[in-house]
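Colleague: In the working numbering, the protein residues as written are 18 to 224.
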């Protein structure tokens, strides 16, 4: 989870740049990224409050009002890109992912708000690949990091499988007292690693 409290509002120029960046979002074999919308709130709430999907996210169930307020606050942020991944043919949502806490001076951003619908798990690699394409090719970032709970074995295994490197481990840094592992993907490593898992970018297998 990312914390948005106490940050200065962005300049109009920064938001204009964000608007321009959102006009050119990458497409995969099966999925596209689009910016999250207010009307996505009910679906996001259903995912996040699911006892399995939301297990490692928050302490309490999220309300629709809270999600709608978060969305409105998000719209004013220049350092945060919040996406729905959806199937190209059916337009059915596959999940959410965000690129948050952007530091353009350091050319660094953080994967956030990842939720994948149970019916779209086969497409998780494609969701990450689309985010990498946006982060590295379009925003020109050098590094994308992901903070993962140590007890989230599936997430740890997935990041290692994609070739993320462990940057650091913060003991007891999560709200539940769990350790937090910061994984790192660099712009230089991404093309080589993508070759290794490109077969996982399924071609037109939407059910």
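Using N, Cα and C, we set each Cβ at its ideal position, and we do this for glycine too.
Checking the sheet assignment: what are the DSSP bridge partners for residue 166?
Modeller: Residue numbering aside, residue 166 sits at position 149 when the chain shown is read from its first letter. For residue 166, which the question treats as bridged, DSSP gives the partners 197.
Colleague: Return the chain-ordered list of same chain residues with a C-beta closer than 6 Å to the C-beta of residue 78, the five sequence neighbours on each side being excluded.
Modeller: By 1-based counting over the chain shown, the position of residue 78 is 61. The answer, listed in chain order, is 66.
Colleague: Going by DSSP, what residues sit across from residue 116 in a beta bridge?
Modeller: Working through the chain shown from its first residue, we reach residue 116 at position 99. BP columns for residue 116 point to 98 and 128.
Colleague: On a Cα-Cα basis, can you pick out the residue from 91, 125 and 74 that is closest to residue 167?
Modeller: Stepping through the chain shown from its first residue, residue 167 is reached at position 150. Looking at the Cα atoms, 74 is the closest of the given residues.
Colleague: Quick one: grab the DSSP three-state call for residue 73.
Modeller: Locating residue 73 in the chain shown gives position 56, counting from the first residue. Residue 73: coil per DSSP, three-state reduction.
Colleague: How is the beta strand (DSSP E) around residue 53 delimited, first residue to last?
Modeller: The count along the chain shown starts at 1 and reaches residue 53 at position 36. Here residue 53 belongs to no beta strand (DSSP E), and DSSP marks it neither H nor E.
Colleague: Under 9 Å between C-beta atoms, does residue 69 make it to chain D?
Modeller: No chain D is part of this structure, which consists of one protein chain only.
Colleague: Mapping the DSSP letters down to three states, classify residue 78 as helix, strand or coil.
Modeller: Taking the first residue of the chain shown as position 1, residue 78 is located at position 61. It is coil, neither helix nor strand.
Colleague: Can you tell me which of the three DSSP states residue 43 falls into?
Modeller: Mapped onto the chain shown, residue 43 falls at position 26. Of the three classes helix, strand and coil, the one that applies to residue 43 here is coil, per DSSP.
Colleague: Using CA coordinates, which residue listed in 109, 85 and 152 is at the minimum distance from residue 140?
Modeller: For the purposes of this step, residue 140 is taken as residue 123 along the chain shown, with counting starting at 1. That would be 109, whose Cα lies nearest to the Cα of residue 140.
Colleague: How would you label residue 107, buried or exposed, when you count the other beta carbons within 10 angstroms and need 16 or more for buried?
Modeller: By 1-based counting over the chain shown, the position of residue 107 is 90. When all chains shown are included, residue 107 counts as exposed.
Colleague: Leaving out five residues before and five after residue 204 in sequence, what residues of the same chain have Cβ atoms less than 6 Å from its Cβ?
Modeller: On the chain shown, residue 204 is found 187 positions in, with the first residue counted as 1. Counting only Cβ-Cβ distances below 6 Å, and skipping sequence neighbours, we find 153 and 159.
Colleague: For residue 175 and residue 137, what's the separation of their Cα atoms in angstroms?
Modeller: Here residue 175 refers to the residue found at position 158 when the chain shown is read from its first residue. Here residue 137 refers to the residue found at position 120 when the chain shown is read from its first residue. Roughly 15 Å between the two C-alpha positions.
Colleague: Could you have a look at residue 110 and say whether DSSP puts it in helix, strand or coil?
Modeller: Here residue 110 refers to the residue found at position 93 when the chain shown is read from its first residue. Correct three-state label for residue 110: strand.
Colleague: Grouping DSSP H, G and I as helix and E and B as strand, with all else coil, what is residue 121?
Modeller: Counted from its first residue, the chain shown places residue 121 at position 104. Coil at residue 121, not helix or strand.
Colleague: Would you mind sorting residue 37 into buried or exposed? The rule is 16 or more other CB atoms within 10 Å of its CB.
Modeller: Counting from 1 along the chain shown, the entry for residue 37 is found at position 20. Exposed is the call here.
Colleague: State the Cα-Cα distance for the pair residue 90 and residue 196, rounded to the nearest angstrom.
Modeller: The residue given as residue 90 occupies position 73 in the chain shown. The residue given as residue 196 occupies position 179 in the chain shown. Whole-angstrom Cα-Cα distance: 29 Å.
Colleague: Mind checking residue 64: buried by the 16 CB within 10 Å criterion, or exposed?
Modeller: Numbered from its first residue, the chain shown carries residue 64 at position 47. So residue 64 counts as buried.
Colleague: Am I right that residue 201 and residue 184 are in contact with their C-beta atoms under 8 Å? What's the rounded C-beta distance?
Modeller: Counting from one through the chain shown, the residue named residue 201 turns up at place 184. Counting from one through the chain shown, the residue named residue 184 turns up at place 167. Residue 201 to residue 184, Cβ: 4 Å. Contact.
Colleague: Measuring straight from C-alpha to C-alpha, what distance separates residue 105 and residue 47?
Modeller: Indexing the chain shown from 1 puts residue 105 at position 88. Indexing the chain shown from 1 puts residue 47 at position 30. Roughly 6 Å separates the two Cα atoms.
Colleague: Secondary structure at residue 139, three-state DSSP: helix, strand or coil?
Modeller: Along the chain shown, read from residue 1 onward, the residue named residue 139 stands at position 122. In this structure, residue 139 counts as helix in the three-state DSSP scheme.
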